[in-house]
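Protein chains in written order, with my numbering: chain U, -14 to 279; chain P, 284 to 579.
The structure appears right after this line, and notes come after that.
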Amino acid sequence: MVMYIQFFINVFLFSSFNILISLSFSIIYNLTKFFHIAHAVVITLGAYFSYALYKQIELPLWFAIPAAITGATMMGMLTEIVVYRPLRKQGVTPMSMLIASIGLYTLLQNVVSILWGDDAKTIRSGEVTVGNEIFGAYITDTQFVIMFVCLLLFCLTLFFLKFTALGKAIRAVSNNPELCDIYGINANRVILGAFAIGSALGATAGILIAFDTDMTPTFGFRVLLYGTVVMIIGGVGHTKGLIWGALLLATAQHLAGYYIDSKWMEAVAYFILVAFLLWKPLGFSGKRLKKVEI
Amino acid sequence: MIDYLLHLAIFIGLYAMLAQSLNLAAGYAGLMSLAHAGFYGVGAYTTAILSVEYGWNFWLNVPVAMLVSGSIALVVGLAALRTVDDYFIICTLGVQVIVFSIMNNWMELTRGPLGIPGIPSIGILGFTLDNKMAFLVLTVVLASLQFFLIRNVMQSSFGNVLLAASEDEIFTQSLGKNVASAKMVAFTLSAVFATIPGALYAHYVSYIDPSSFTTDESIFILAIVVIGGRKNTWGSLASAAFLVLLPEALRFLNLPNSTAANLHQIIYGLLLIAIVMRKYKRILIKTMSKDKFLSV
Chain U
-14 MVMYIQFFIN
-4 VFLFSSFNIL
6 ISLSFSIIYN
16 LTKFFHIAHA
26 VVITLGAYFS
36 YALYKQIELP
46 LWFAIPAAIT
56 GATMMGMLTE
66 IVVYRPLRKQ
76 GVTPMSMLIA
86 SIGLYTLLQN
96 VVSILWGDDA
106 KTIRSGEVTV
116 GNEIFGAYIT
126 DTQFVIMFVC
136 LLLFCLTLFF
146 LKFTALGKAI
156 RAVSNNPELC
166 DIYGINANRV
176 ILGAFAIGSA
186 LGATAGILIA
196 FDTDMTPTFG
206 FRVLLYGTVV
216 MIIGGVGHTK
226 GLIWGALLLA
236 TAQHLAGYYI
246 DSKWMEAVAY
256 FILVAFLLWK
266 PLGFSGKRLK
276 KVEI
Chain P
284 MIDYLLHLAI
294 FIGLYAMLAQ
304 SLNLAAGYAG
314 LMSLAHAGFY
324 GVGAYTTAIL
334 SVEYGWNFWL
344 NVPVAMLVSG
354 SIALVVGLAA
364 LRTVDDYFII
374 CTLGVQVIVF
384 SIMNNWMELT
394 RGPLGIPGIP
404 SIGILGFTLD
414 NKMAFLVLTV
424 VLASLQFFLI
434 RNVMQSSFGN
444 VLLAASEDEI
454 FTQSLGKNVA
464 SAKMVAFTLS
474 AVFATIPGAL
484 YAHYVSYIDP
494 SSFTTDESIF
504 ILAIVVIGGR
514 KNTWGSLASA
524 AFLVLLPEAL
534 RFLNLPNSTA
544 ANLHQIIYGL
554 LLIAIVMRKY
564 KRILIKTMSK
574 DKFLSV
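Encoded structure:
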């Protein structure tokens, strides 16, 4: 019984990360229709900036975290302004955007490596606590806060997309760019806004993950790939599907962790991805998978 | 000194072969794959396991490695080729991660992070290729063989279907060409060819571990192809030489080792972005595709 509760706690914790990451990624993806791989660096930078401000300069935590999120968000917006916007203007294919994005990721990730080194860093302070006991299972205060913040941000973002002017514009442009152009919605500004929101969410997720586990310059890439898998199995353009996708992924990974070995958890995520692409290519939602268009 | 130059030449040869085999998929068929380091690793690991555990020789190992890698590619292709563009890349990235995690975690088969030491040198007609000169000759011979094979395949009718499909897939299908199977064959062939440099690498360094076949390595190989120009076989060779020699040039800057490695990646990251920005395209890549397709 205790084992089951611990299992559910772990699954929920892991899914809440993944929901946040995939949400931050899919806001950008739905709008620009290409895989913004450099988003991984924004996630990493959120964690590393807060490490630099909190641990190296020793600023108080309440200042360090918002500043780190702001810094990483600026970086995300900068990638859009410096690289993606000129490329869009030239009308290059999503494929070329993806290659530019891979280049950008390689570039920035190595800058992080040079600045902070490749070894694992942590922003936790003090000793590791056992945590609170709930029916014999353990959960630390930090993990509790993480789950709460993730779910809160998810709900807030959904409200934001539904009710604010920018949120509506984002949904409108992801739905039909040409019509928005006719109605005089400035697509570039909307995309920049989406990059800002997506980057802020991604950076927050990065910080939360860094509080739960350690960070290395490449951890953003790993979590981003989980986020992508969640997005694909949840159904692209289907925000609520992300919850199902994240829960399915986390459950499958943790089952594999318990019954086989935790070292295979990463491989399991991709087996699920391939299985979904084979048998349920539309994910949980009904949206069509991208195919060659006539 | 001369040994060092030979060593560099061998590595240029290996990466040129890798880039050419990836060019088959990424260039001609338009299938940007990030699984290439995985297939490269399959070649290296198959030959390492067969020769260390069972004492097979290189010439038997390579066909087996080709078979293994080809069948993996066939299965992967079944799933991945249902998708296009960015989905395809994520799919192949997944395969790369799975293959890497098998190399890193399946202790009984691959010894995991410990790697496989003591891979013997290649024997040929009673000679053992244990000096660098002989190995370089073998590399060059195999590389040129692969070069001409790929060239001939691309000039066959199969190559024309691929070229046409990369220009306009729907139109090619409307001519009654089977685009799906052509892509499948191209992807599988590219995986099969990637095992040859893999096997050569294993026998050359005589010790392999998973760290040579990471996602970063896949990105590196893709960068070689993109920087050299897709569908441009000579370009792949030139950019392989450039990117392999670049870290050696960076040594003159007297940086610490880890920073030099990062700087190397930063440079090809920048080059990738620069290539895509069309302004620089004319300087860096010669796009042969259009003229070539029109002349076919």
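Beta carbons are placed, not taken as given, at the ideal position from N, Cα and C, and that holds for glycine.
All values derive from a computational prediction rather than experimental measurement.
Extent of the continuous alpha helix (DSSP H) run through residue i
i	result
isoleucine 155/U	150 to 160
glutamate 450/P	440 to 450
histidine 486/P	462 to 488
serine 316/P	Taken as a continuous stretch (DSSP letters only), serine 316/P belongs to no alpha helix (DSSP H), as it is neither H nor E.
isoleucine 28/U	24 to 36
lysine 74/U	70 to 75
alanine 237/U	226 to 244
phenylalanine 19/U	From DSSP, phenylalanine 19/U is part of no alpha helix (DSSP H); its letter is neither H nor E.
serine 304/P	285 to 305
methionine 62/U	46 to 64
tyrosine 211/U	204 to 219
glutamate 251/U	250 to 264
asparagine 173/U	172 to 197
serine 81/U	79 to 101
alanine 348/P	341 to 363
Residue i, buried or exposed, once every other Cβ within 10 Å from all chains shown has been counted against 16
i	result
threonine 189/U	buried
cysteine 140/U	exposed
isoleucine 279/U	In this predicted model, isoleucine 279/U has a pLDDT of only 40, less than 50, meaning its place in the structure is not dependable; the value taken from the coordinates is given anyway. Exposed is the call here.
isoleucine 407/P	exposed
alanine 174/U	One point to set straight first is that residue 174/U is arginine, not alanine, in the sequence displayed. The residue is exposed, with fewer than 16 neighbouring Cβ atoms inside 10 Å.
aspartate 126/U	exposed
serine 159/U	buried
phenylalanine 148/U	exposed
threonine 29/U	buried
phenylalanine 48/U	exposed
valine 579/P	Residue placement at valine 579/P is flagged as unreliable, the pLDDT there being 33, under the threshold of 50; the coordinate-derived value follows with that caveat. With fewer than 16 Cβ atoms within 10 Å of its Cβ, valine 579/P is classed as exposed.
methionine -12/U	exposed
leucine 38/U	buried
threonine 570/P	Note that threonine 570/P has pLDDT 45, beneath the 50 cutoff, so the model's placement of it is unreliable and no number is given.
methionine 284/P	exposed
arginine 565/P	Its pLDDT being 47, under 50, arginine 565/P is placed unreliably in this model, and the value from its coordinates should be taken loosely. With fewer than 16 Cβ atoms within 10 Å of its Cβ, arginine 565/P is classed as exposed.
serine 98/U	buried
alanine 154/U	buried
alanine 474/P	buried
arginine 534/P	exposed
valine 221/U	buried
glutamate 452/P	buried
proline 51/U	exposed
leucine 16/U	buried
isoleucine 131/U	buried
lysine 276/U	Because lysine 276/U sits at a pLDDT of 49, beneath the cut-off of 50, its placement in the model cannot be relied upon, and the following sentence gives the value as read from the coordinates. Under this definition lysine 276/U is an exposed residue.
CB-CB length for residue i against residue j, believed under 8 Å
i	j	result
leucine 210/U	leucine 376/P	7 Å
serine 334/P	proline 403/P	6 Å
isoleucine 124/U	serine 35/U	Not confirmed; about 22 Å, so no contact.
leucine 5/U	leucine 138/U	6 Å
threonine 198/U	leucine 143/U	The Cβ separation is near 27 Å, so there is no contact.
glycine 481/P	valine 325/P	7 Å
leucine 305/P	isoleucine 491/P	Actually they do not touch by this definition, with Cβ atoms about 20 Å apart.
glycine 230/U	glycine 219/U	3 Å
Within-7 Å CB hit, residue i to chain C
i	result
valine 259/U	In the structure shown, chain C cannot be found, because the protein chains are U and P.
Q | Against chain U: residues of the segment 532 to 556 of chain P by CB proximity under 8 Å | A | Ser541, Thr542, Asn545, Leu546, Gln548, Ile549, Tyr551, Gly552, Leu553, Leu554, Leu555 and Ile556
(Q) Threshold first: 4 residues or longer. Then list the alpha helix (DSSP H) segments lying entirely within the segment 390 to 442 of chain P, N to C. (A) 390 to 393 and 415 to 438
Q) Which residues, taken in chain order from the segment 72 to 89 of chain U, show a beta carbon closer than 7 Å to some beta carbon of chain P? A) Taking 7 Å as the Cβ-Cβ cut-off against chain P, the residues of the segment 72 to 89 of chain U that qualify are Leu72, Gln75, Val77, Pro79, Met80, Ser81, Leu83, Ile84, Ala85, Ile87, Gly88 and Leu89.
Q) Closer than 7 Å, Cβ to any Cβ of chain U: which residues of the segment 430 to 455 of chain P, in chain order? A) Glu452 and Ile453
(Q) What are the residues in the segment 12 to 33 of chain U lying within 8 Å of chain P by C-beta distance? (A) Phe19 and Phe20
(Q) Please give the ranges of any alpha helix (DSSP H) in the segment 499 to 543 of chain P, keeping only runs that are unbroken, at least 4 residues long and fully inside the region. (A) 516 to 533
**Q.** the segment 243 to 254 of chain U: positions lying closer than 7 Å to chain P by Cβ
**A.** Lys248, Trp249, Glu251 and Ala252
Q. Taking any Cβ of chain U, which residues in the segment 508 to 530 of chain P have a Cβ under 8 Å from it, in chain order?
A. Residues Val509.
Q. Which residues, in chain order, does the segment 374 to 386 of chain P contribute to contact with chain U at a C-beta distance below 8 Å?
A. Cys374, Leu376, Gly377, Val378, Val380, Ile381, Ser384 and Ile385
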